[in-house]
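Protein chains: 2
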Amino acid sequence: MLCIEVWVTGRFLSILRNPAICPLRNSVVESADLIIHARWIVPIRPANTVLNDHAIVVKAGKIAALGPSENINSQYSAAKNITLSDHVLMPGLINAHGHAAMTLLRGLADDLPLMEWLNDHIWPAEGRWVSGEFVSAGATLAMAEMLRTGTTTFSDMYFFPEATAKAAADIGMRCQIATPILDFPSGWAANAEEYIHKGVALADEYRHSELIQVAFGPHAPYTVSDAPMKQVATLANQMDAQIQIHLHETAFEVQDAQSKSGMRPSERLNALGLLTANTQCVHVTQLNDRDKQIIQESGAHIIHCPESNLKLASGICPIQDCLNAGINVALGTDGAASNNNLDMFGELQTAALLAKAQQNDASAVDAFTALELATINGARALGQEQTLGSLETGKWADMIAIDFSALELQPVYHVLSHLAYAVSAHHVSHSWVAGQNKLSDGKLTNIDTGQLGKLIQDWQRKISVASG
Amino acid sequence: MLCIEVWVTGRFLSILRNPAICPLRNSVVESADLIIHARWIVPIRPANTVLNDHAIVVKAGKIAALGPSENINSQYSAAKNITLSDHVLMPGLINAHGHAAMTLLRGLADDLPLMEWLNDHIWPAEGRWVSGEFVSAGATLAMAEMLRTGTTTFSDMYFFPEATAKAAADIGMRCQIATPILDFPSGWAANAEEYIHKGVALADEYRHSELIQVAFGPHAPYTVSDAPMKQVATLANQMDAQIQIHLHETAFEVQDAQSKSGMRPSERLNALGLLTANTQCVHVTQLNDRDKQIIQESGAHIIHCPESNLKLASGICPIQDCLNAGINVALGTDGAASNNNLDMFGELQTAALLAKAQQNDASAVDAFTALELATINGARALGQEQTLGSLETGKWADMIAIDFSALELQPVYHVLSHLAYAVSAHHVSHSWVAGQNKLSDGKLTNIDTGQLGKLIQDWQRKISVASG
Numbered sequence: 017m018l019c020i021e022v023w024v025t026g027r028f029l030s031i032l033r034n035p036a037i038c039p040l041r042n043s044v045v046e047s048a049d050l051i052i053h054a055r056w057i058v059p060i061r062p063a064n065t066v067l068n069d070h071a072i073v074v075k076a077g078k079i080a081a082l083g084p085s086e087n088i089n090s091q092y093s094a095a096k097n098i099t100l101s102d103h104v105l106m107p108g109l110i111n112a113h114g115h116a117a118m119t120l121l122r123g124l125a126d127d128l129p130l131m132e133w134l135n136d137h138i139w140p141a142e143g144r145w146v147s148g149e150f151v152s153a154g155a156t157l158a159m160a161e162m163l164r165t166g167t168t169t170f171s172d173m174y175f176f177p178e179a180t181a182k183a184a185a186d187i188g189m190r191c192q193i194a195t196p197i198l199d200f201p202s203g204w205a206a207n208a209e210e211y212i213h214k215g216v217a218l219a220d221e222y223r224h225s226e227l228i229q230v231a232f233g234p235h236a237p238y239t240v241s242d243a244p245m246k247q248v249a250t251l252a253n254q255m256d257a258q259i260q261i262h263l264h265e266t267a268f269e270v271q272d273a274q275s276k277s278g279m280r281p282s283e284r285l286n287a288l289g290l291l292t293a294n295t296q297c298v299h300v301t302q303l304n305d306r307d308k309q310i311i312q313e314s315g316a317h318i319i320h321c322p323e324s325n326l327k328l329a330s331g332i333c334p335i336q337d338c339l340n341a342g343i344n345v346a347l348g349t350d351g352a353a354s355n356n357n358l359d360m361f362g363e364l365q366t367a368a369l370l371a372k373a374q375q376n377d378a379s380a381v382d383a384f385t386a387l388e389l390a391t392i393n394g395a396r397a398l399g400q401e402q403t404l405g406s407l408e409t410g411k412w413a414d415m416i417a418i419d420f421s422a423l424e425l426q427p428v429y430h431v432l433s434h435l436a437y438a439v440s441a442h443h444v445s446h447s448w449v450a451g452q453n454k455l456s457d458g459k460l461t462n463i464d465t466g467q468l469g470k471l472i473q474d475w476q477r478k479i480s481v482a483s484g
Numbered sequence: 017m018l019c020i021e022v023w024v025t026g027r028f029l030s031i032l033r034n035p036a037i038c039p040l041r042n043s044v045v046e047s048a049d050l051i052i053h054a055r056w057i058v059p060i061r062p063a064n065t066v067l068n069d070h071a072i073v074v075k076a077g078k079i080a081a082l083g084p085s086e087n088i089n090s091q092y093s094a095a096k097n098i099t100l101s102d103h104v105l106m107p108g109l110i111n112a113h114g115h116a117a118m119t120l121l122r123g124l125a126d127d128l129p130l131m132e133w134l135n136d137h138i139w140p141a142e143g144r145w146v147s148g149e150f151v152s153a154g155a156t157l158a159m160a161e162m163l164r165t166g167t168t169t170f171s172d173m174y175f176f177p178e179a180t181a182k183a184a185a186d187i188g189m190r191c192q193i194a195t196p197i198l199d200f201p202s203g204w205a206a207n208a209e210e211y212i213h214k215g216v217a218l219a220d221e222y223r224h225s226e227l228i229q230v231a232f233g234p235h236a237p238y239t240v241s242d243a244p245m246k247q248v249a250t251l252a253n254q255m256d257a258q259i260q261i262h263l264h265e266t267a268f269e270v271q272d273a274q275s276k277s278g279m280r281p282s283e284r285l286n287a288l289g290l291l292t293a294n295t296q297c298v299h300v301t302q303l304n305d306r307d308k309q310i311i312q313e314s315g316a317h318i319i320h321c322p323e324s325n326l327k328l329a330s331g332i333c334p335i336q337d338c339l340n341a342g343i344n345v346a347l348g349t350d351g352a353a354s355n356n357n358l359d360m361f362g363e364l365q366t367a368a369l370l371a372k373a374q375q376n377d378a379s380a381v382d383a384f385t386a387l388e389l390a391t392i393n394g395a396r397a398l399g400q401e402q403t404l405g406s407l408e409t410g411k412w413a414d415m416i417a418i419d420f421s422a423l424e425l426q427p428v429y430h431v432l433s434h435l436a437y438a439v440s441a442h443h444v445s446h447s448w449v450a451g452q453n454k455l456s457d458g459k460l461t462n463i464d465t466g467q468l469g470k471l472i473q474d475w476q477r478k479i480s481v482a483s484g
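Line order of the protein sequences matches chains A and B. Under my numbering, read the first sequence as residues 17 to 484, first letter to last. Under my numbering, read the second sequence as residues 17 to 484, first letter to last.
Below is the structure:
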């Protein structure tokens with residue numbers, strides 16, 4: 017009798033698999049923490065793939081195996097087994113740009129262009145209210161909303177980043193914390209030097225974290241001068257850290273820079289050494305051929321925030337052009353004060369629809385590409401493509417389930433099409449971060465929503481009274 | 017003792033209202049069918065208004081009164097009383113353009129331009145499958161989705177319109193049925209003459225209906241020749257009926273017409289007498305100054321379908337320009353095969369965001385204007401402004417409630433902003449059509465969703481196999 021099986025990269029490689037001559041098969045069943053069977057799995061890698069009746073095995077927070085349910089059943093046993101019979105299981109969405117604590121300013125001022133919105137409303141409110149407590153409350157609210165709507169990883173750029181990092185660590189949500197850097201003072205730091213110093217200290221604090229990645233967040237070309245920009249470039253290089261920066265958000269920003277310095281911001285940042293494969297350029301609604309070439313050659317990434325860009329009338333990033341040029345494009349909601357939600361399914365739908373009109377081509381940013389923007393491309397932008405963004409053996413078990421039983425998702429001809437064009441955030445039923453369940457049947461598992469609601473009401477009362 | 021109160025247009029007009037000297041006040045309490053108290057009421061008329069702690073009184077399907085809750089309590093008693101303590105009550109949304117039965121083709125073909133999508137996918141599928149049974153099932157699914165997502169009135173243009181009308185009458189949903197007219201045959205009619213004849217017969221059948229309004233639906237300039245166009249114009253004028261037509265949906269349509277006839281479709285329809293204040297022009301993504309003048313002078317309405325227009329890369333209707341020119345602009349989802357949902361809150365958000373980018377002005381289509389597109393402007397387009405589209409005494413009690421208690425809607429500074437930019441369809445908790453409850457705490461009250469789900473699965477199986 018011959019029965020040889022070898023455990024290779026998380027799967028049994030059957031050299032000879034006839035069960036009739038492998039009577040000892042059950043005795044080599046591998047134990048795991050969690051097995052999830054799903055009607056459909058959309059692993060994102062391989063591309064354009066929908067797997068029917070497959071299962072995922074989770075062990076120590078990572079994906080140990082993915083295969084047809086019947087094979088998984090014969091090869092693994094787990095302490096916890098979940099069957100999602102009407103659901104799609106896919107990688108958790110990656111919200112690659114936002115200001116989580118700004119949920120507390122959701123809807124405070126609308127229908128205004130960027131600079132008026134910032135100067136007359138957001139910055140005064142921030143000046144008055146932002147503190148560690150504000151950031152902790154707002155970031156927790158943001159995480160509650162993001163986990164409910166399918167996001168498992170987010171990037172943040174805001175004051176008191178240690179409060180956001182702590183809230184994320186407490187909840188167990190994955191994030192990139194881009195510590196803010198500006199020339200001018202805030203409640204958090206007095207000058208660029210102090211911002212950078214505090215950022216480096218925070219990076220040191222979380223250097224061993226598996227959830228929290230600390231990056232540099234020089235706010236924008238128009239708020240950070242050359243010396244701190246260079247210092248960030250040097251430090252990021254030394255520390256192999258990521259950089260996230262608002263870039264070419266509006267035509268005014270670009271024109272103003274050109275008239276003052278003779279250079280477009282992309283050219284200036286490139287000259288300062290700030291654009292590398294570790295740099296995430298957010299917004300980029302203004303993009304000429306030279307900008308595109310600079311970004312492409314540097315290996316920098318673009319974080320597209322279509323709803324915020326539309327709402328503030330900033331412009332539209334030509335993402336299909338960027339993708340065609342080989343630039344990695346990820347997706348973000350921006351803060352809730354300019355969106356006004358953190359719903360990544362809505363955002364990826366907007367990204368897909370908008371790209372078609374902009375390119376005058378209905379095939380631009382097709383359904384699967386839209387899903388990539390919100391998953392694997394986000395992982396790549398954050399420098400975490402090896403561990404995030406797709407359901408592949410060895411990656412973190414960061415996953416979401418979407419319940420396809422709702423009437424408004426019937427009938428189902430093409431799962432990828434539904435995910436891009438028909439699903440709403442509230443169809444998200446489950447999520448896991450590193451195999452830890454964060455959302456179950458639409459309920460958050462480890463956030464006390466009642467207590468959070470009261471905390472937010474307190475902030476609302478204070479801010480409302482002051483805003484008149 | 018003097019106590020005089022006069023019942024005027026559905027309210028007590030107190031000539032002297034001191035309760036201390038009106039001891040008989042309770043004895044003149046007016047009876048009603050339903051009183052709904054809500055945390056906020058957004059009546060749409062007066063414009064830009066949010067009423068706190070008000071109530072609406074419903075009698076015989078219509079709004080009998082609207083006032084502060086305490087006043088209503090002292091003036092009315094009703095068989096049924098509802099208190100919506102965390103909710104906004106507002107007019108039901110009006111989905112002014114769609115093809116309800118096409119829910120059965122939801123997601124069948126995506127990422128394709130209009131003519132390829134129609135010629136290679138939709139028309140072949142329709143040719144094979146469309147029947148009275150198909151339309152009945154698809155329209156019922158559409159109504160289930162629309163009622164769950166805040167729509168209480170819809171317009172439809174599709175084959176076998178008698179099946180859609182019957183399904184709507186059975187469910188008790190308000191609609192305009194634009195009976196289709198084409199030069200070419202379908203499963204429903206052989207030629208333009210038969211389409212028109214059947215349309216007139218259906219109008220006659222529903223002439224006394226308070227829910228169903230039958231209109232003429234000449235499909236598009238490129239599918240209906242001059243003679244039937246003229247006949248429709250004459251009949252609509254005689255019957256005081258509405259006309260709905262796809263117009264200037266794509267640049268190709270306009271260019272093709274110009275090259276063949278020397279006229280733009282707007283000019284041709286105007287010359288044929290088809291553009292009047294009873295005409296609803298759908299899409300209109302191509303609009304030069306002459307088109308705008310023709311539509312404005314005719315009093316015709318524009319039905320904007322931004323998500324379908326984006327998805328098919330048809331173009332973008334410049335709706336703020338149209339509104340500025342005095343053209344009434346309403347909103348529609350189009351069919352679920354080109355959207356791919358019937359979510360009017362999503363649609364009005366897209367309309368608002370898109371207009372800002374298109375006008376390069378963040379104040380274009382502000383939050384309240386976006387709500388008008390989906391309510392009072394829809395009523396006006398359908399010729400029903402006197403009875404629909406706002407919560408005013410004497411109008412039909414077509415209403416929806418939106419639950420603002422969800423964490424992702426916290427905090428609440430501006431209710432109108434939240435309705436336009438933060439609310440998702442699933443926050444809709446209740447709806448009423450003519451005072452009849454259709455949705456209660458998110459559950460449909462008179463559609464058997466289990467039975468409907470099975471029916472849709474049967475259709476999915478048949479169509480999948482054939483499209484396989």
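Note that the Cβ used here is the ideal one computed from N, Cα and C, for glycine as well. Just so we're clear, the structure is a prediction, and the values are computed from it rather than from any experiment.
Host beta strand (DSSP E) of residue i (start-end)
{"i": "Leu347/B", "result": "345-347"}
{"i": "Val73/A", "result": "67-75"}
{"i": "Gly233/B", "result": "228-234"}
{"i": "Ile261/B", "result": "259-263"}
Rounded straight-line distance, which links the Cα of residue j to that of residue i
{"i": "Gly466/A", "j": "Glu149/A", "result": "18 Å"}
{"i": "Ala63/B", "j": "Phe384/B", "result": "8 Å"}
{"i": "Ile479/A", "j": "Tyr429/B", "result": "9 Å"}
{"i": "Leu290/B", "j": "Gly331/B", "result": "24 Å"}
{"i": "Leu347/B", "j": "Glu269/B", "result": "21 Å"}
{"i": "Thr239/B", "j": "Leu198/B", "result": "6 Å"}
{"i": "Ile335/B", "j": "Ala371/B", "result": "7 Å"}
{"i": "Ala380/B", "j": "Asp127/A", "result": "7 Å"}
{"i": "Ala141/B", "j": "Val481/B", "result": "12 Å"}
{"i": "Glu44/B", "j": "Ile392/B", "result": "Residue identity differs from the one stated: residue 44/B is Val in this sequence, not Glu. Taking the straight line from one Cα to the other gives about 34 Å."}
{"i": "Lys96/A", "j": "Ala273/A", "result": "57 Å"}
Cutoff 9 Å: residue i Cβ touching any chain B Cβ
{"i": "Gln271/A", "result": "no"}
{"i": "Gly331/A", "result": "yes"}
{"i": "Glu161/A", "result": "yes"}
{"i": "Ala54/A", "result": "no"}
{"i": "Thr366/A", "result": "yes"}
{"i": "Leu369/A", "result": "yes"}
{"i": "Val481/A", "result": "no"}
Enclosing alpha helix (DSSP H) for residue i [first to last residue]
{"i": "Ile51/A", "result": "No alpha helix (DSSP H) contains Ile51/A, which is instead part of the beta strand (DSSP E) from 46-57."}
{"i": "Gln336/B", "result": "335-340"}
{"i": "Ser85/A", "result": "85-91"}
C-beta neighbour in chain A for residue i, strict 9 Å
{"i": "Leu347/B", "result": "no"}
{"i": "Thr180/B", "result": "no"}
{"i": "Val44/B", "result": "no"}
{"i": "Gln302/B", "result": "no"}
{"i": "Val66/B", "result": "no"}
At what residue ranges does the stretch 383-463 of chain A contain a whole run of the beta strand (DSSP E), taking only runs of 3 or more? Fully enclosed beta strand (DSSP E) runs of 3 or longer: 415-419, 444-449, 452-456.
Scan the stretch 430-448 of chain B for residues whose Cβ lies nearer than 7 Å to a Cβ of chain A and list them as they occur along the chain. His430, Ser433, His434, Tyr437, Ala438, Ser440, Ala441, His442
Taking Cβ-Cβ distances below 8 Å as the criterion, which residues of the stretch 460-478 of chain A are in contact with chain B? Thr465, Leu468, Gly469, Ile472, Gln473, Trp475, Gln476
Chain A contacts from the stretch 103-123 of chain B (Cβ-Cβ distance under 7 Å): Leu120, Arg122, Gly123
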